[in-house]
Amino acid sequence: MKNEPFLILIADDDEADRMVFAEAFSELKIKTVVRTVNDGMQLMKWLSEREPPLPHFLFLDLNMPRKNGLECLKEIREDEKLKDIFVAIYSTSDSEDDIEETFLSGANVYITKPSNFNVLKQLLHKVVSATFIYEGNTFNRKNFLMRV
Amino acid sequence: MLYDLGDKQWNIPALRELLEDIIPKNSQFYNYEVKHTFLDLGEKIMSLNASRVIQNTHREQLILLVIADITEVRNLIVEKELKEKELLNKEISERNSEKLLLEKAVQERTRELKEANESLENKNNELLAINKELESFTYVSSHDLQEPLRKLQIFAGIILEKENHNLSEKGKSYFHLMQQSAERMQQLIHDLLAFSRIRDAERKFEKTDLNIIIEEVKIELKEAIAEKKALIEVKDICEVNIIPFQFRQLMHNLVVNALKFSKPQTPAHIIISSRNSMSEKLKVKGLLPKKEYCHITVSDNGIGFEKEFREKIFELFQKLHGKEEYAGTGIGLAIVKKIVDNHNGIITATSVVNKGTSFNIYIPAST
């Protein structure tokens, strides 16, 4: 597994964000394959048609047309096949309500989109390494909102 | 006999009764009224006065009877009474119509009040709608407005880092300026949102130890405090009845302010104290009489400002310095003021240029 690249899926309706996101992962020293979908509908379709392996990480934007991130999160957590996917909320919002609601709906970690490329790289590295490399997979309410 | 006079017209039962029954018992009477219709005279009203007289010489008993025709007098009285009654009736009917008018006016007023109430309710609903609109505006600001800004910043950063070698020095400095502007805009949006989030509706007062709030603020501002080599001294703190998260923001903003406007060569010294006093003793305009207030002071030894600006500093977007001298959006103290307002309090500032500034906050004491 260590030699296999991580499969990363990002659902975001913003093209520039998807681009920057993929670029940031490509510059990390972690081997990854990044797939992108443009909204919640596409995401759920992609996941339901997907043959295993499922993505190791799903980065989920909240504010998306047609089906928003929160709706997707709830559907994923209720789906027997999908419920164990690691979901990182990836949103511009830093509102307490959004953070609380996604935490209660079973997201693993919450990151707000930074305005600095290097900060983004650090954040993504931290999410992936904290989860798999150090196996410190103990996110709780206190460190749910991840910062660098 | 008297009764036989004028064809027995005087045979009046009332007169008979008078003469035969009453006189023997009472010997005299006055103003006994008798009404009688005479064939030739018509109805007459007579006033009878009579008394028994005994003639001295003959010891003969006589009755002295005086009959006065008071028909006309009576008629006048009746007429007068009728007139009075008429007047009274007229007045009653006038009063009645007045009453009707009054009732109509009351009805009209009731209707107006009802309409006013309805329009008030409409206004209320309108306000609620506006509030909701504002909330969604706030939401849009926090998301959609920040989005393009974040892109500007992230791409300017990427270009500066990765395309650095392709840029001239001038090009680089333009990019820096672009980044700074975007950052400033972001700060503005952030501060404006903070300002608009300080809402009256979220009033949840709690008795709080101000020390805890100050400690939290000190932790938040650890780096800035260290950088300015600032000393924050906390004296005589009393318990306060406050909205904790708002007051933390208030303290935060005041301390940030004191740090920002400290003198460049002097370590900042900030003193925070509080004590309860009666409003009479405090002598501050706007405090309610005979009420106990908690007087909180935040003083610094910073650059101070001219006396004439002591009210202007609390207005939104008011800055006393150019943004190259001191960064900031001019929202911090407006937030402080709004929070004090939410606590039904008053804030004043006194300052001496190059000596320092004191902020005095008066909020109703915790009881």
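So the protein sequences, as listed, match chains W and X.
Just so you know, the first sequence maps onto residues 144 to 291 in my numbering.
Just so you know, the second sequence maps onto residues 23 to 389 in my numbering.
For each residue, glycine too, the CB sits at the ideal point set by N, CA and C.
Which residues in chain X have a C-beta closer than 8 Å to the C-beta of residue i? List them in chain order.
i, result
"Phe287(W)", "Per Cβ cutoff of 8 Å: no residues; Phe287(W) is ~19 Å from chain X at best."
"Thr294(W)", "This structure gives no information on residue 294(W), because the portion of chain W shown stretches from 144 to 291."
Strictly below 7 Å CB to CB, what residues from chain X border residue i?
i, result
"Val270(W)", "In chain order: nothing, as chain X lies at least about 18 Å away."
"Ala154(W)", "Simply none; closest approach about 16 Å."
"Val163(W)", "Ile176"
"Ala159(W)", "Lys173"
Buried or exposed for residue i, please, with buried defined as at least 16 other CB atoms from any protein chain shown within 10 angstroms of its CB.
i, result
"Met300(X)", "exposed"
"Arg209(W)", "exposed"
"Arg290(W)", "exposed"
"Pro198(W)", "buried"
"Leu315(W)", "The structure shown does not extend to residue 315(W), since chain W spans only 144 to 291, so no value can be given for it."
"Pro35(X)", "exposed"
"Val163(W)", "buried"
"Ala127(X)", "exposed"
"Gln378(X)", "A small fix is needed here, since residue 378(X) is Gly in this sequence, not Gln. By the 10 Å Cβ count, Gly378(X) comes out buried."
"Ile114(X)", "exposed"
"Gly249(W)", "exposed"
"Tyr233(W)", "buried"
"His187(X)", "exposed"
"Tyr427(X)", "The structure shown does not extend to residue 427(X), since chain X spans only 23 to 389, so no value can be given for it."
"Ser195(X)", "exposed"
"Asn275(X)", "buried"
"Arg270(X)", "buried"
"Thr274(W)", "buried"
"Gln52(X)", "The question names Gln, but residue 52(X) is Tyr in the sequence shown. Exposed."
Can you grab the Cα-Cα spacing for the pair residue i / residue j, in whole Å?
i, j, result
"Gly326(X)", "Gly344(X)", "15 Å"
"Ile357(X)", "Ile236(X)", "17 Å"
"Asn181(W)", "Leu150(X)", "36 Å"
"Glu82(X)", "Lys57(X)", "31 Å"
"Asp322(X)", "Ser296(X)", "15 Å"
"Ile45(X)", "Glu94(X)", "27 Å"
"Trp32(X)", "Arg38(X)", "9 Å"
"Leu124(X)", "Ala138(X)", "20 Å"
"Tyr25(X)", "Lys105(X)", "37 Å"
"Leu4(X)", "Leu174(X)", "In the structure as shown, chain X starts at 23 and stops at 389, and residue 4(X) therefore has no counterpart that could be examined."
"Leu41(X)", "Gly64(X)", "23 Å"
"Glu346(X)", "Arg206(X)", "12 Å"
"Phe217(X)", "Glu157(X)", "13 Å"
"Asp241(W)", "Thr132(X)", "49 Å"
"Ile265(X)", "Leu267(W)", "37 Å"
"Glu214(W)", "Ile241(X)", "37 Å"
"Asn211(W)", "Leu186(W)", "10 Å"
"Val271(W)", "Gln268(X)", "36 Å"
"Asn144(X)", "Glu155(X)", "16 Å"
"Val88(X)", "Leu122(X)", "55 Å"
"Pro307(X)", "Ala159(W)", "Pro is not the amino acid found at residue 307(X); the sequence shown has Lys there. Roughly 56 Å between the two C-alpha positions."
"Thr60(X)", "Glu116(X)", "Reading off the sequence, residue 60(X) comes out as Phe, not Thr. Each residue's Cα considered, the two are about 42 Å apart."
"Glu244(W)", "Ile292(X)", "40 Å"
"Met144(W)", "Lys192(X)", "Because Met144(W) carries a pLDDT of 48, less than 50, the predicted location of this residue cannot be relied on, and the following value inherits that uncertainty. Computed Cα separation, rounded: 49 Å."
"Trp189(W)", "Gly183(W)", "10 Å"
"Gln340(X)", "Ile153(W)", "43 Å"
"Gly279(W)", "Pro257(W)", "Annotation note: pLDDT 49 at Gly279(W) (below 50); position unreliable, coordinate value reported separately. So the two alpha carbons sit approximately 24 Å from each other."
"Phe260(W)", "Phe159(X)", "28 Å"
"His317(X)", "Cys260(X)", "9 Å"
"Gln77(X)", "Asn97(X)", "38 Å"
"Phe229(W)", "Glu169(X)", "25 Å"
Just the chain W side, please: which residues come within less than 7 Å of residue i by C-beta, in chain order?
i, result
"Lys145(X)", "What Lys145(X) touches in chain W: nothing, since even the nearest Cβ is about 29 Å away."
"Ile180(X)", "Phe260"
Which residues in chain W sit within 9 Å of residue i, going by Cβ to Cβ distance?
i, result
"Gln208(X)", "Ser258"
Starting from residue i, find everything on chain X with Cβ-Cβ shorter than 9 Å and list it in chain order.
i, result
"Ala231(W)", "Within chain X, no residue comes near Ala231(W); the closest Cβ sits about 18 Å away, beyond 9 Å."
Closer than 6 Å to a non-hydrogen atom of the ligand NAP - does that hold for the CB of residue i?
i, result
"Ser299(X)", "The ligand NAP is absent from the structure shown, which contains no ligands of any kind."
### Task
With 9 Å as the limit, tell me which residues of the segment 245-261 of chain W have their beta carbon closer than that to any beta carbon of chain X; keep them in chain order.
Lys256, Pro257, Ser258, Asn259, Phe260 and Asn261
#### Entry: Ordered list of beta strand (DSSP E) runs contained in the segment 220-254 of chain X, each at least 3 residues
228-231
### Task
Enumerate, from N- to C-terminal direction, the unbroken beta strand (DSSP E) stretches of 3 or more residues contained entirely within the segment 211-272 of chain W.
229-234 and 252-255
### Query
In chain order, which alpha helix (DSSP H) runs of at least 4 residues are fully inside the segment 30-109 of chain X?
35-39 and 45-48
### Query
Along the segment 150-178 of chain X, what residues have a CB closer than 9 Å to any CB found in chain W?
Flagged, chain order: Tyr161, Ser164, His165, Asp166, Gln168, Glu169, Leu171, Arg172, Lys173, Leu174, Gln175, Ile176 and Phe177.
### Task
Go through the segment 102-190 of chain X residue by residue and report every complete run of the alpha helix (DSSP H) that reaches 4 residues or more, in order.
Fully enclosed alpha helix (DSSP H) runs of 4 or longer: 168-184.
### Every unbroken beta strand (DSSP E) within the segment 339-380 of chain X, with a cutoff of 3 residues, ordered by chain
368-374
### Task
Output the residue ranges of the alpha helix (DSSP H) runs that lie fully inside the segment 151-223 of chain W and measure 4 residues or longer, sorted by chain position.
Segments of the alpha helix (DSSP H) lying fully in the segment 151-223 of chain W: 158-170, 183-192 and 212-221.
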